[in-house]
Amino acid sequence: LEQIAYGDFNVSYVNLLTSLCGQIVSSHAKPEVAKEWMDLVVTGKKLIAIALTEPSAGSDAARLKLKAVRDGKDFILSGEKTSISMATQADVAVVFARTGSEADKARGISAFLVPMDLPGVSRTAFDDIGTRPVGRGSIFFDGVRVSEDMMLGDEGQGFIQVMQGFDYSRALIGLQCMGVSRASLDEAWRYSQEREAFGKPIGEFQGVSFPLAEAETYYEACRNLCLRTLWLKDQHLPHTAEAAMCKWWAPKLACEIIHQCLLTHGHGGYGADYHFGQRYRDVLGLQIGDGTANIMKMIIARQKTAEYAV
3 LEQIAYGDFN VSYVNLLTSL CGQIVSSHAK PEVAKEWMDL VVTGKKLIAI ALTEPSAGSD
63 AARLKLKAVR DGKDFILSGE KTSISMATQA DVAVVFARTG SEADKARGIS AFLVPMDLPG
123 VSRTAFDDIG TRPVGRGSIF FDGVRVSEDM MLGDEGQGFI QVMQGFDYSR ALIGLQCMGV
183 SRASLDEAWR YSQEREAFGK PIGEFQGVSF PLAEAETYYE ACRNLCLRTL WLKDQHLPHT
243 AEAAMCKWWA PKLACEIIHQ CLLTHGHGGY GADYHFGQRY RDVLGLQIGD GTANIMKMII
303 ARQKTAEYAV
């Protein structure tokens, strides 16, 4: 994922969503459903998205209004999802819907694997400043009939069960951001040796090299945090706080690094001939989507408060 993001951040989004949703589906779907769809997704024949956010439920993700009403062995889905990555391109989506009452909050939410070609599904695209190849938009469910076999996890427990997968994706998002940062730093260091001013390469001036040296230091620290978080996951150890650290810090740091690398290139860096503008706009979206910085800090604080409770 990191190396793919090094080459193209937008292409790496396919890997990110496949990793997150693939883990959710393989862990919580019925075996026959998981086999059918995972074979298609991991071979690249089908694209998968995750549909959680709603017009009235962003950071407060448990405040969902999209309803899933049981009708025999089916559920009828009605409502809207918004700000969904690959909304218009996905072939199937992990959709969170309310099967209980609003008073149940998170415990009244279930997750479903919903093919996007079902009757009653419609989609619209947003005109964003970044991640344009990925795309973002709204998905509308107008009485969409979904078999109960497509439920992920237990009824009313989907939110709690499936949301645990976000610890994984938050570390991966961090590595996405570090891939883009590494590409920008490599270009900046090369340019600092090629470009000359006052009779020598500009990299020999501390005003040029020191900001890049600082960026390298932060890059290594953040990348190692992401890798350590994934190691904790592999060891089946708690890593929720670490994953939240990856999610709030990496997008912010990537924007700062890309900005500095653009400045290193002078007026040329401001032009479209270089990729800094696109990279900055692409990564900027991750300071909002998939959990804002403030929500991540709340998660970290909650974990640490519980750890040190008297």
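So our numbering is basically just the index in the sequence shown, starting at one, shifted up by 2.
We put the CB at the ideal spot given by N, CA and C, even for glycine.
Segment limits, beta strand (DSSP E) that includes residue i
i, result
"K83", "76-87"
"F98", "94-100"
"S112", "111-117"
"I141", "138-149"
"I50", "50-53"
Inter-residue Cα distance where the pair is residue i and residue j
i, j, result
"A53", "D188", "35 Å"
"P314", "S186", "In the structure as shown, the chain begins at 3 and stops at 312. Residue 314 is therefore absent and cannot be evaluated."
"I301", "A246", "7 Å"
"L232", "G209", "36 Å"
"V146", "E309", "44 Å"
"W39", "M88", "17 Å"
"F313", "H267", "The requested residue 313 is not part of the displayed model; the chain covers only 3 to 312."
"T45", "L18", "14 Å"
"V116", "M152", "7 Å"
"P213", "E258", "11 Å"
"T55", "A190", "37 Å"
"T20", "G273", "33 Å"
"C314", "K254", "Because the chain spans 3 through 312 in this model, residue 314 falls outside it and cannot be assessed."
"Y15", "V312", "42 Å"
"R134", "Q91", "12 Å"
"F142", "I86", "11 Å"
"V285", "V35", "33 Å"
"V27", "P33", "9 Å"
"V123", "V148", "11 Å"
"R72", "Y220", "50 Å"
"L68", "L177", "32 Å"
"R197", "L265", "13 Å"
"G271", "D76", "55 Å"
Residue i versus the options, residue with shortest Cα-Cα distance
i, options, result
"A243", "R230, P253, K254, L255", "R230"
"Q313", "E56, S211, L227", "Nothing in the structure corresponds to residue 313, since the chain is present only between 3 and 312."
"A105", "A89, L239, L66, D275", "L66"
"G132", "R304, P33, Q280, K299", "Q280"
"L22", "K37, K75, V182, I50", "I50"
"R125", "R147, Y282, F114, A95", "A95"
"G287", "I175, P240, Q237", "I175"
"L120", "D73, S103, I78", "I78"
"H241", "M298, F161, K75, A70", "M298"
"G102", "L265, E56, F161", "F161"
"G291", "Y272, R225, I26, R138", "R138"
"Q166", "M180, E4, H238, E150", "H238"
"K107", "A64, R134, A7, F143", "A64"
"P57", "V43, A215, Y282, G81", "G81"
"D144", "A70, V43, V13, K75", "A70"
"Q163", "I6, F11, Q25, K306", "Q25"
"D93", "E218, D62, K47, G74", "K47"
Buried versus exposed call for residue i [16 or more other C-beta atoms within 10 Å across all chains shown]
i, result
"K249", "buried"
"R192", "exposed"
"S140", "buried"
"F98", "buried"
"I260", "buried"
"F207", "exposed"
"A199", "exposed"
"D236", "exposed"
"R304", "exposed"
"R184", "buried"
"T84", "buried"
"A113", "buried"
"D275", "exposed"
"H277", "buried"
"D41", "exposed"
"D169", "buried"
"G201", "exposed"
Residue i - containing alpha helix (DSSP H), residue span
i, result
"R281", "278-286"
"A185", "168-196"
"D236", "208-236"
"R65", "R65 -> no alpha helix (DSSP H), and no H or E assigned at all."
"I259", "242-266"
"F200", "Run containing F200: none; DSSP gives neither H nor E here."
"E104", "It is not in any alpha helix (DSSP H) - E104 carries neither H nor E in the DSSP assignment."
"P33", "33-44"
"I6", "4-9"
"M165", "No alpha helix (DSSP H) holds M165; DSSP gives it neither H nor E."
"R304", "295-309"
Residues that residue i bridges to, as DSSP identifies them
i, result
"F128", "F128 is not bridged to any residue."
"V72", "At residue 72 the sequence reads Arg, which differs from the Val that was named. DSSP, once it has assigned bridges, lists F77 as partnering R72."
"E56", "A59"
"M153", "F114"
"Q159", "I111"
"V123", "F143"
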